[in-house]
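Colleague: The following block contains the structure, expressed as structure tokens.
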Amino acid sequence: MAELYNSAAPKKAANLSINSDLLRKTRELNINLSATLERALKEELSKREAAQWVEDNRAAIKSYNDFVEQHGCFGDEFREF
1 MAELYNSAAP KKAANLSINS DLLRKTRELN INLSATLERA LKEELSKREA AQWVEDNRAA
61 IKSYNDFVEQ HGCFGDEFRE F
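Residue numbering for the sequence shown follows the UniProt record's numbering, beginning at 1 and increasing consecutively.
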């Protein structure tokens, strides 16, 4: 499977807006905002790319499932479970 993104790419500063109380509480707990945001973005990117893959391959998946429903899976006659 292809990498989601280039993890070796250089860091880039970004400005963003965040709830002030949420920011205060995370700072009180010494939560690393950059690392936390990167983890959250990686997770979201992974979910969206997986959903996009399913959408892109929906017709092929349906075709395969229809074929299996009609003809069975390859090797079914050899299954012992």
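Just so it is clear, CB atoms sit at the ideal spot from N, CA and C, and this is done for glycine as well.
Would you call the stretch 39-46 and the stretch 1-20 touching, i.e. three or more CB-CB distances under 8 Å?
Modeller: Yes: the two stretches touch, three or more of their Cβ pairs being nearer than 8 Å.
Colleague: Look at residue 82 and K11 and say whether their C-beta atoms are less than 9 Å apart.
Modeller: Not covered by the structure: residue 82. The range shown for the chain is 1 to 81.
Colleague: Using only the alpha-carbon positions, how far apart do D66 and E3 sit?
Modeller: Spanning the two alpha carbons is a distance of roughly 31 Å.
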